[in-house]
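Visitor:
Residue numbers (this note's numbering): 1 to 135.
(1) Return the chain-ordered list of same chain residues with a C-beta closer than 7 Å to the C-beta of residue 67, the five sequence neighbours on each side being excluded.
(2) Roughly how many angstroms separate the alpha carbons of residue 12 and residue 33, rounded to a whole number?
(3) Should residue 18 go down as buried or exposed, given a rule of 16 or more other Cβ atoms within 10 Å for buried?
(4) In whole angstroms, what separates the C-alpha of residue 84 from that of residue 47?
(5) Bridge partners of residue 14, per DSSP?
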């Protein structure tokens with residue numbers, strides 16, 4: 001069974017999907033959050049297309065283990081996904097995922113101006129892979 005991974009930001013949502021066995025995560029796409037309505041519609045398409053039951057969401061936790069204002073924004077958005085589409089929601093600590101994603105892009109010699117296109121979906125794949133490895 002496939003699992004969806006999301007890195008929810010203010011401007012973009014990074015999306016990753018697992019393989020059918022639920023072992024490996026791969027970056028899928030980046031959704032631009034021009035409006036929440038459009039973002040929810042894109043997520044709904046993915047949930048229906050891949051027949052998803054589980055959605056893993058990266059939760060931004062501060063380095064001192066507290067939840068800040070961004071965490072509340074992410075939770076609010078994610079809870080609507082859960083309620084609208086009747087999926088299971090799993091939160092994963094997303095600390096350092098964007099930094100790790102950026103490091104991979106730099107090591108892969110991706111030009112600076114192109115990194116923004118990939119960083120969110122790679123971070124989402126790290127979030128999802130963390131969950132898959134913990135199962």
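Cβ coordinates follow ideal geometry from the N, Cα and C atoms, glycine included.
Guide: Inspection of the coordinates gives the following:
(1) 61
(2) 5 Å
(3) buried
(4) 11 Å
(5) 7, 30
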